[in-house]
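Residue numbers (this note's numbering): 2 to 178.
Here it is in structure tokens:
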């Protein structure tokens, strides 16, 4: 299984997750690689002189550029500690990170799933998760978030691992019929 979202620093893991919002893995990886080529693979935040247009030239949208710049500001100026945040329970991490415009539950769930120590996260509104459940449960349509919650509750406390398997089923086009 690919660890495309796990990076050398928590900042880069969260940046990769932000970049990946509503993009295919290939497109997101291409943009992320340009980001790394420009800013390095061992950074903990961006310098304060980076502007939205600097990030837009890499293929990022204005909104994602603003989110990454705001994240860097919070790390540099307000002591946001992503190492501590990723070790928090899911809801506490969401309470902190979802205050940042452009970071919502899906972003936090994926950041924690791939970077944190929490082994019990299932991004219930993720399309890949829904497709995986549709495949293994032989459903005629994508499950609702409520149905995903009900099904995934059976996988506790290993929903993170189950989520990764679901994505792999979809990525590898595995069929259970």
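Heads up, the beta-carbon is just placed ideally off N, CA and C, and yes, glycines get one too.
The structure displayed is predicted, hence computed values, not measured ones.
Count the other C-beta atoms from every protein chain shown that fall within 10 angstroms of the C-beta of residue i, then say buried if there are 16 or more, exposed otherwise.
i, result
"residue 150", "exposed"
"residue 116", "buried"
"residue 164", "buried"
"residue 16", "buried"
"residue 18", "buried"
"residue 158", "exposed"
"residue 36", "buried"
"residue 177", "exposed"
"residue 128", "exposed"
"residue 2", "Its pLDDT being 44, under 50, residue 2 is placed unreliably in this model, and the value from its coordinates should be taken loosely. Residue 2 comes out exposed."
Measuring alpha carbon to alpha carbon, tell me which of the options ends up nearest residue i.
i, options, result
"residue 136", "120, 115, 169", "169"
"residue 167", "154, 133, 176", "133"
"residue 172", "38, 61, 75, 130", "130"
"residue 95", "80, 112, 79", "112"
"residue 24", "108, 122, 12", "108"
"residue 118", "153, 87, 124", "87"
"residue 12", "92, 138, 69, 123", "69"
"residue 105", "89, 120, 124", "124"
"residue 1", "9, 22, 161, 39", "Missing from the structure shown is residue 1; the chain here goes from 2 to 178 and no further."
"residue 102", "42, 22, 65", "65"
"residue 39", "89, 56, 21, 120", "56"
"residue 81", "114, 61, 46, 128", "46"
"residue 156", "144, 122, 62", "122"
"residue 20", "9, 48, 10, 62", "62"
"residue 34", "52, 60, 22", "60"
"residue 71", "41, 85, 177, 52", "52"
"residue 48", "78, 84, 85", "78"
"residue 41", "22, 27, 152, 9", "9"
What separation, rounded to the nearest whole angstrom, lies between the Cα atoms of residue i and residue j?
i, j, result
"residue 75", "residue 54", "19 Å"
"residue 99", "residue 140", "32 Å"
"residue 175", "residue 50", "46 Å"
"residue 148", "residue 29", "28 Å"
"residue 154", "residue 142", "20 Å"
"residue 126", "residue 146", "6 Å"
"residue 58", "residue 43", "21 Å"
"residue 32", "residue 114", "21 Å"
"residue 110", "residue 73", "20 Å"
"residue 85", "residue 14", "14 Å"
Ranges of the alpha helix (DSSP H) found wholly within the region 10–38, counting only runs of at least 4: Here the runs fully enclosed are 11–20.
Runs of alpha helix (DSSP H) lying entirely within the region 101–137, each at least 4 residues, in chain order: As for any alpha helix (DSSP H) of minimum length 4 sitting wholly inside the region 101–137, the runs are 106–116, 128–137, ordered along the chain.
Complete runs of the alpha helix (DSSP H) confined to the region 71–103 [at least 4 residues]: Correct list: 83–86, 91–98.
Continuous beta strand (DSSP E) assignments of at least 3 residues falling wholly in the region 136–178: none
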